[in-house]
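Numbering (the numbering used here), first residue to last: 6 to 489. Worksheet: the structure to be examined is printed underneath.
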């Protein structure tokens, strides 16, 4: 008995999955390369040259989402998918091995017993999934019979006449290496003939994918490539947070100005601030309890009301107002539970805000209640910085860490002519470095691959080279400095 075996060696499934990975990544790579090649043609050469690092970074980001992320997702699902495919094929083989027809099967011609010669999955009309077709052969007369697993006889494929739609009778003959098929309509007698020449050497051989093995190495991520991917992903998240923070600071400049003005008081400083306020408003024996330290820091306090004619409502209201006012520009506030009063003895709790995010929420809450941060007078200063460029000058250290690598401060020789006419030797500081490796495309490109935009293939990731400096420039006093 013969039947097709579905379960193959593991290498078969690995190749099948990896070929799918290559196809997906090639598609993404083609989209990115084609897009930037069009951009490369349309952009003025000066624009592309002056902003080359920015354009490379844009390419790297698109390549990351369309190619590198696709490769990483395929790598993460590789083992589970291969195991699933192998389990499915094993179940198919197990079902095929156990398939049988209930009861005996006899020959329709001579009545003798028949033996199973093959079992195969076949497409069956009006069935969603493939069904099992079992082929029998008579032990006596060699006649054959095909039955579905449920015992229904297979009727064979129906062929209709292309002219009238009637049933056709098919025959085939073979002469030397030529097979001829003939279909004759039983109704209109139309004849259709087709031939296949097995000796035809003109047939095109299947094209060889010469880059398949190379692209498997590029796109099928191993542990090292996955580590590089996760490094780059974390770095891009860091970059996104940097830009989100800077944009937020521009849009909510009033809140961040308020944060800058918040005084972060220690517990000893808090006590020094509150004591005179309590005394001034007629409260004595002011005491702070032990701090309660958990996810937040809170502090109980107590005092005595020394004014005999002040009732509970007025006593609590006066103290509450005084505490809120004195703490409005600090990182402390009276907790929402408020104050308790018994026989002139008042108690309450204070909470500290420590992180920048907590202090921001505190400032926003106060601003909703009408609090306006006190403007700190500043000396007028001349500046060339435009308002829209201000946020680029913030968090400079983080920006440098995100975008650059191997930063070096050097100098190049120059000369300056003084008013007296004397030529004095000097130097010009030069900052040089490279683009952060985590912002580059980490999948190796094919050698001399013209599908990749030329400016990507030629980019060296460096900046600050002497040859790109202007030969003549001015110093802070307007004097011309020349490179030598």
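We put the CB at the ideal spot given by N, CA and C, even for glycine. In this text, all values refer to a predicted model and were calculated from it rather than measured experimentally.
- Contact annotation: residue 226 and residue 77 have beta-carbon atoms nearer than 8 Å.
- Around the beta carbon of residue 458, a 10 Å sphere encloses 16 or more other beta carbons of the protein chains shown; the residue is thus reported as buried.
- Counting only runs of 4+ residues, no alpha helix (DSSP H) is found wholly inside the stretch 164 to 206.
- If you check the CB distance, residue 68 and residue 27 do not come in under 8 Å.
- Closest in alpha carbon position to residue 195, among 223, 217 and 165, is 165.
- Counting the other CB atoms within 10 Å of its CB gives residue 134 a total below 16, which places it among the exposed residues.
- In this structure, the alpha-carbon of residue 410 lies about 28 Å from that of residue 40.
- The way I'd put it, the stretch 257 to 277 does touch the stretch 354 to 367; three or more beta-carbon pairs between them come closer than 8 Å.
- Excluding the 5 residues flanking it on each side, residue 478 has same chain C-beta neighbours closer than 7 Å at 486, in chain order.
- Per DSSP, the unbroken alpha helix (DSSP H) holding residue 279 starts and ends at 272 to 285.
- Pairing residue 184 with residue 173 gives a Cβ-Cβ distance that is not under 8 Å.
- Using a Cβ distance threshold of 8 Å, residue 65 and residue 405 do not count as a contacting pair.
- Approximately 6 Å separates the beta-carbon atoms of residue 264 and residue 365; this is inside 8 Å, confirming the contact.
- Residue state for residue 108 is assigned as coil, using DSSP reduced to three classes.
- Taking C-alpha positions only, residue 270 is separated from residue 49 by approximately 56 Å.
- Contact check between the stretch 112 to 124 and the stretch 140 to 147: three or more CB pairs, one atom from each, fall below 8 Å, which counts as touching.
- The bridge partners DSSP lists for residue 308 are 351.
- In the DSSP assignment, residue 61 falls within the alpha helix (DSSP H) that extends over 57 to 68.
- A check of alpha carbon separations from residue 401 across 63, 72, 248 and 220 identifies 248 as the nearest.
- Residue 344 places its beta carbon less than 8 Å from that of residue 321.
- Around the Cβ of residue 70, a 10 Å sphere holds fewer than 16 other Cβ atoms; the residue is exposed.
- The beta carbons of residue 89 and residue 11 sit no closer together than 8 Å.
- By the criterion of a C-beta distance shorter than 8 Å, residue 233 is surrounded in its chain by 447, once the five residues flanking it on both sides are discounted.
- Inter-residue distance for residue 9 and residue 115 is about 30 Å (C-alpha atoms, whole angstroms).
- At a Cβ-Cβ threshold of 8 Å, residue 117 and residue 151 do not count as neighbours.
- Following the DSSP letters along the chain, one finds residue 401 inside the alpha helix (DSSP H) bounded by residues 401 to 408.
- Excluding five sequence positions before and after residue 430, the CB atoms of its chain that fall closer than 6 Å to its own CB belong to 420, given in chain order.
- Of the candidates 488, 14, 25 and 452, the residue whose Cα lies closest to the Cα of residue 224 is 25.
- Within the DSSP bridge table, the entry for residue 127 names 136 as partners.
- Here DSSP, grouped into helix, strand and coil, assigns residue 356 to strand.
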